[in-house]
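Going down the list, the sequences are from chains A and B.
Note that the numbering used here has the first sequence beginning at 9, numbered continuously upward.
Note that the numbering used here has the second sequence beginning at 1175, numbered continuously upward.
Before any comments, here is the structure.
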Amino acid sequence: MSETTRTQTGLDALDALFARTRAQGRAAFLPYYPIGYPTIEASLDTIQAMAGAGVDGFEIGMPFSDPLADGPTIQAATQVALGNGVTVRRCLEAVAELRARGVAQPLLLMGYLNPLLAYGPDAFARDARATGADGLIIPDLPPEEADLFAPGCAREGLALIFFLAPTSTDARIRLVAGRARGFLYVVSVTGVTGARATLPPDLGDFLARIRAQTDCPRVVGFGISGPEQARAMSGLAEGFIVGSALVRAGAGGVDAVRDLAAQIRGALGDG
Amino acid sequence: MITVQPPAMTSTLPDVRGYFGEFGGRFVPETLVPALDELTAAFESARHDPAFQRRFADLQATYTGRPTPLSYAARLSDHLGGARIYLKREDLAHTGAHKINNALGQALLAERMGKRRIVAETGAGQHGVATATVCALLGMECHVYMGVVDMARQRPNVFRMKLLGAEVIPVESGSRTLKDAINEAIRDWVTHVSTTHYLLGSALGPHPYPLIVREFQRVIGEEARAQMLAQVGRLPDACIACVGGGSNAIGLFHAFRDDPQVALIGVEAGGRGIASGEHAARFADPARGRPGVLHGTRSFVLQDADGQITETHSISAGLDYASVGPEHAYLRQIERAFYTVATDDEALAALQLLSQLEGIIPALESAHAIAEAVRRAPAMPRDAILLVNLSGRGDKDLDTVINALEGGT
């Protein structure tokens, strides 16, 4: 396994992760999975099983009633999670449970802004750090509004991840990259989350436009669903996220998700 | 003598980041930020372009039918025995509601940006009909998202949109009302952003929408203010308007913002009563109505302790929404405007009263504003004046009203 103990936390853990995968000549694989789908217990088992399959880190989904950047698969799954009583507090407890189960990879909490505002930005950063999370991903928090969370994250040593999209101009890439820590979340397509059959043809150009402005690791998300696309990622970017395809597999049980995660990880070589 | 200065006025707001005080802003996925920048630039250039303004004014006069009249509600005023009630007749604008003002303005902006595919959300269907109408007028492609609950209660408007050549897309997610229709419209927009303009129908959403919608709706108050002076010789004591997202209210209020003697009163949907929990009164329910972020703007939002958006209820689909335009949150905070509620039953009673005394069947949304005037007028002197925005006509609501009055479901 690539990692068995947790020696670094927060931003340091992310920096160490990308240093290692870069040295291995491959992209980092960061699965997304929501707490509470199909049940709270099953989601914890699923994440633990993927950790055992050697994935490099996780985007831990926190449900929201109105997930406007998500496609049908993740919408439906997070609706189920809400029905199972998942709250922000429960997600933080889930992080602590995952750490207690020995999950050592970097964990990034991903959720929409309003529940985090209701919890309180500073309190959330403090508790995220205390339970063992390493960073935050908030899809409806562009850098212009990030002062709500940036001070708390800086105080706790947490990564606050920003996005770039195919619509981002070069000036915009410069602005976002200037505030980025940990990695840049590169949205591969204009659209919402969801598994897609092929990667967009201009993704390479887009990634090159970003590289021209910054050395920050680029992690590609939206639309990546299987081993072939994952293999292609290793030549293009420093990392990638798979979400909807894993969530869809989650309907078939823990083993189905672990098997898909293991195939994707296997496609990257052991390097 | 020391005169009390009105609080800091809103003329210069929002600021460049789209804030009205602590409310507003732009909380959207990164993909949409460049589109909002483009829209801001297009709006700023259009508002200073005489050719654009001429075209907009010309269509308002020759197509929409502006100015809409100001009517004195003589029998209603006599019946209530207090303040005299004047009605700003947005129900007489083409398509039967104020929504056409903003739809026309934004469609012209879309044309200016070279975007010929339009997406919109609709609750009551009035904004959807207005958008479908201007798309037909300008030869644009139109897709309207509408919750299936709203499609059932506003059937005539669904058919009108289809007749006008629009595609109406049923929304099955969440509470299947306006909030969910906005989610789907935004998802469509983020997917087709280079070719598509999102024609948002109320004074909410990320900057610059609250600004743009106010500027295209301010004609309501500008006309009404001039008409009051011309027909009555003075300004009203209060302006009253219903508030869902708040576009008809902000459109009326804006012209009176620097008239401190004119009270500004917004009326939220009280549903089955605040205590029932089944309402859409963001300002009136301190347990659930708190500052938060929904659909890209910071404002008052009905939410649970965990920050999940709660379901709302109103007999009027157009007021059935969990958040409110950020400028209203600001006007309330600086105490320039006041907000109250009318329940479903009060709105229904007001609808009947206006129908029978004035021969005007108001939209259920607008009936909430009438209800506030009915409550307020009797205690006021005969020389007092209430100006009520009659934001839409009630034909679309006949099914709902028949069911409510005849004991249907």
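Beta carbons: idealized from backbone N, C-alpha and C, even for Gly.
Review point. Going along chain A in order, which residues have a C-beta closer than 9 angstroms to the C-beta of G1199 of chain B?
Key: To locate residue 1199 of chain B, count along the second sequence from 1; it is residue 25. Within 9 angstroms Cβ-Cβ: E152, E153.
Check your understanding: Which partner residues does A1415 of chain B have in the DSSP bridge list?
Key -> Position 241 of the second sequence holds residue 1415 of chain B. Paired residue(s): B:G1440.
Practice item. Using 10 angstroms around the beta-carbon of N122 of chain A, count the other beta-carbons present and answer buried if the total reaches 16, otherwise exposed. Key: For the purposes of this step, residue 122 of chain A is taken as residue 114 along the first sequence, with counting starting at 1. That one is buried.
Check your understanding: Rounded to a whole number of angstroms, what is the C-alpha to C-alpha distance between L1352 of chain B and Q1300 of chain B?
Key -> As a position in the second sequence, residue 1352 of chain B is number 178, starting the count at 1. As a position in the second sequence, residue 1300 of chain B is number 126, starting the count at 1. Rounded to whole angstroms, L1352 of chain B to Q1300 of chain B spans 12 angstroms at the Cα level.
Check your understanding: Rounded to a whole number of angstroms, what is the C-alpha to C-alpha distance between G1256 of chain B and Q1530 of chain B?
Key -> Translated into the one-based positions of the second sequence, residue 1256 of chain B becomes position 82. Translated into the one-based positions of the second sequence, residue 1530 of chain B becomes position 356. About 19 angstroms.
Exercise for review: Quick one: list the residues of chain A neighbouring P1208 of chain B, beta-carbon separation under 9 angstroms, in chain order.
Suggested key: Residue numbering aside, residue 1208 of chain B sits at position 34 when the second sequence is read from its first letter. Within 9 angstroms Cβ-Cβ: A173, T175, S176, T177, R180.
Practice item. Identify each residue in the region 65 to 83 of chain A for which the Cβ-Cβ distance to at least one residue of chain B is less than 9 angstroms, and report them in chain order. Key: P71, F72, S73, D74, P75, L76, A77, D78, G79, P80, Q83
**Study point:** Nearest to A1537 of chain B (by Cα), restricted to the options B:V1436, B:G1339, B:E1397, B:T1269
**Key:** As a first step, residue 1537 of chain B must be located in the second sequence, where it is residue number 363. Checked all of B:V1436, B:G1339, B:E1397, B:T1269; the closest Cα to A1537 of chain B is B:T1269.
Check your understanding: For chain A, is any of its Cβ atoms less than 7 angstroms away from the one on E1196 of chain B?
Key -> Position 22 of the second sequence, counted from the start, is the residue given in the question as residue 1196 of chain B. Output row for E1196 of chain B: interface = no.
**Study point:** CB of F1333 of chain B within 7 angstroms of CB of L1282 of chain B, strictly
**Key:** What you label residue 1333 of chain B is simply residue 159 of the second sequence in a count that begins at 1. What you label residue 1282 of chain B is simply residue 108 of the second sequence in a count that begins at 1. Going by C-beta atoms, F1333 of chain B is not nearer than 7 angstroms to L1282 of chain B.
Exercise for review: Go ahead and pull the three-state DSSP assignment for H1487 of chain B.
Suggested key: For the purposes of this step, residue 1487 of chain B is taken as the residue at position 313 of the second sequence. Reduced to three states, the DSSP call for H1487 of chain B is coil.
Review point. Do you know how far the Cα of D1480 of chain B is from the Cα of T95 of chain A?
Key: Looking up residue 95 of chain A in the first sequence gives position 87. Looking up residue 1480 of chain B in the second sequence gives position 306. Spanning the two alpha carbons is a distance of roughly 6 angstroms.
Exercise for review: Following the continuous alpha helix (DSSP H) through N1275 of chain B, name the residue where it begins and the one where it ends.
Suggested key: Along the second sequence, one-based indexing puts residue 1275 of chain B at 101. Element bounds for N1275 of chain B: 1273 to 1286.
Point to revise | Cβ neighbours of P1181 of chain B in the same chain (closer than 8 angstroms, five flanking residues each side left out) | key: Here the question's residue 1181 of chain B lines up with position 7 in the second sequence. For P1181 of chain B, the pLDDT reaches just 42, beneath the cut-off of 50, and the residue's location in the model is therefore unreliable, although a value from the coordinates is still provided. I1508, E1509, R1510.
Check your understanding: With burial defined as no fewer than 16 other Cβ atoms inside 10 Å of the residue's Cβ, what is the status of S1219 of chain B: buried or exposed?
Key -> Position 45 of the second sequence, counting from 1, holds the residue named residue 1219 of chain B. With fewer than 16 other Cβ atoms within 10 Å, it is exposed.
Point to revise | Helix, strand or coil at N122 of chain A according to DSSP, with G and I counted as helix | key: As a position in the first sequence, residue 122 of chain A is number 114, starting the count at 1. In the structure shown, N122 of chain A sits in a helix (DSSP, three-state: H, G or I).
Point to revise | Paired residues, beta bridge with P39 of chain A - DSSP | key: Looking up residue 39 of chain A in the first sequence gives position 31. The partner list for P39 of chain A (beta bridge, DSSP) reads A:V250.
Review point. With 7 angstroms set as the bound, which would you pick, yes or no: does the beta-carbon of E1218 of chain B sit closer than that to a beta-carbon of chain A?
Key: Walking along the second sequence from the start, residue 1218 of chain B turns up at place 44. Judged by the 7 angstroms Cβ criterion, E1218 of chain B is not in contact with chain A.
**Study point:** Best match in A:L106, A:A154, A:Q113, A:E105 for proximity to L124 of chain A [C-alpha to C-alpha]
**Key:** Locating residue 124 of chain A in the first sequence gives position 116, where the first residue counts as 1. The shortest C-alpha separation from L124 of chain A is found at A:A154.
Review point. Is it the case that the Cβ atoms of A1398 of chain B and L1244 of chain B are separated by a distance below 7 angstroms?
Key: The residue given as residue 1398 of chain B occupies position 224 in the second sequence. The residue given as residue 1244 of chain B occupies position 70 in the second sequence. Yes.
**Study point:** When B:H1366, B:H1502, B:G1444 are compared against E1315 of chain B, the one with the closest alpha-carbon
**Key:** Within the second sequence, the letter at position 141 stands for residue 1315 of chain B. For E1315 of chain B, the nearest C-alpha among the options comes from B:H1366.
Practice item. Report the option in B:A1558, B:G1581, B:G1566 whose CA atom is closest to the CA atom of D1252 of chain B. Key: The count along the second sequence starts at 1 and reaches residue 1252 of chain B at position 78. The residue with the shortest Cα to Cα distance from D1252 of chain B is B:A1558.
Point to revise | Sequence-distant residues of the same chain with beta carbon closer than 7 angstroms to P150 of chain A, five excluded per side | key: Reading the first sequence from its first residue, position 142 is the one you call residue 150 of chain A. So the list is empty, once near-sequence residues are dropped.
**Study point:** DSSP-derived helix/strand/coil call for P1208 of chain B
**Key:** Translated into positions along the second sequence, residue 1208 of chain B becomes position 34. Correct three-state label for P1208 of chain B: helix.
Review point. Touching or not, the region 1425 to 1437 of chain B and the region 1302 to 1315 of chain B, by the rule of three or more beta carbon pairs under 8 angstroms?
Key: no
**Study point:** Whole-Å CB distance - A136 of chain A paired with L166 of chain A, under 8 angstroms assumed
**Key:** Residue numbering aside, residue 136 of chain A sits at position 128 when the first sequence is read from its first letter. Residue numbering aside, residue 166 of chain A sits at position 158 when the first sequence is read from its first letter. Contact flag correct, Cβ pair sits at about 6 angstroms.
Practice item. May I have the straight-line CA-CA distance separating D1223 of chain B from T1236 of chain B, to the nearest angstrom? Key: The count along the second sequence starts at 1 and reaches residue 1223 of chain B at position 49. The count along the second sequence starts at 1 and reaches residue 1236 of chain B at position 62. Cα to Cα, the separation comes out at about 20 angstroms.
Point to revise | Unbroken stretches of the beta strand (DSSP E), 3 residues or longer, contained in the region 1184 to 1266 of chain B | key: 1244 to 1246, 1258 to 1263
**Study point:** Option in B:I1439, B:I1535, B:K1289, B:E1485 with minimal Cα separation from A1516 of chain B
**Key:** The residue you call residue 1516 of chain B lines up with position 342 of the second sequence. The residue with the shortest Cα to Cα distance from A1516 of chain B is B:I1439.
Practice item. Can you give me, in chain order, the residues of the region 197 to 222 of chain A that have a beta carbon less than 7 angstroms from any beta carbon in chain B? Key: The region 197 to 222 of chain A vs chain B, Cβ under 7 angstroms: T198, G199, V200.
**Study point:** Supposed close pair G1499 of chain B, S1376 of chain B - CB separation, criterion 8 angstroms
**Key:** Here residue 1499 of chain B is taken as the residue at index 325 of the second sequence, counted from 1. Here residue 1376 of chain B is taken as the residue at index 202 of the second sequence, counted from 1. Right, the Cβ-Cβ distance comes to about 6 angstroms (below 8 angstroms), so this counts as a contact.
Exercise for review: Inspect the beta-carbon positions of N1357 of chain B and D148 of chain A and report whether they are closer than 7 angstroms.
Suggested key: For the purposes of this step, residue 1357 of chain B is taken as residue 183 along the second sequence, with counting starting at 1. For the purposes of this step, residue 148 of chain A is taken as residue 140 along the first sequence, with counting starting at 1. No; because the gap between Cβ atoms is not below 7 angstroms, this pair is not in contact.
Exercise for review: Just the C-alpha distance for F1197 of chain B and G110 of chain A, rounded to the nearest angstrom, thanks.
Suggested key: Working through the second sequence from its first residue, we reach residue 1197 of chain B at position 23. Working through the first sequence from its first residue, we reach residue 110 of chain A at position 102. If you take the alpha carbons of F1197 of chain B and G110 of chain A, they lie about 43 angstroms apart.
Exercise for review: Taking V63 of chain A and P42 of chain A to be in contact with their CB atoms under 8 angstroms, please state how far apart those CB atoms are, rounded to whole angstroms.
Suggested key: Within the first sequence, the letter at position 55 stands for residue 63 of chain A. Within the first sequence, the letter at position 34 stands for residue 42 of chain A. The Cβ separation is near 16 angstroms, so there is no contact.
Exercise for review: Return helix, strand or coil for I1343 of chain B, following the three-state DSSP convention.
Suggested key: By 1-based counting over the second sequence, the position of residue 1343 of chain B is 169. Strand at I1343 of chain B.
Review point. Looking at the structure shown, is N1577 of chain B part of a helix, part of a strand, or coil, going by DSSP?
Key: The residue you call residue 1577 of chain B lines up with position 403 of the second sequence. If DSSP states are grouped into helix, strand and coil, N1577 of chain B belongs with the helices.
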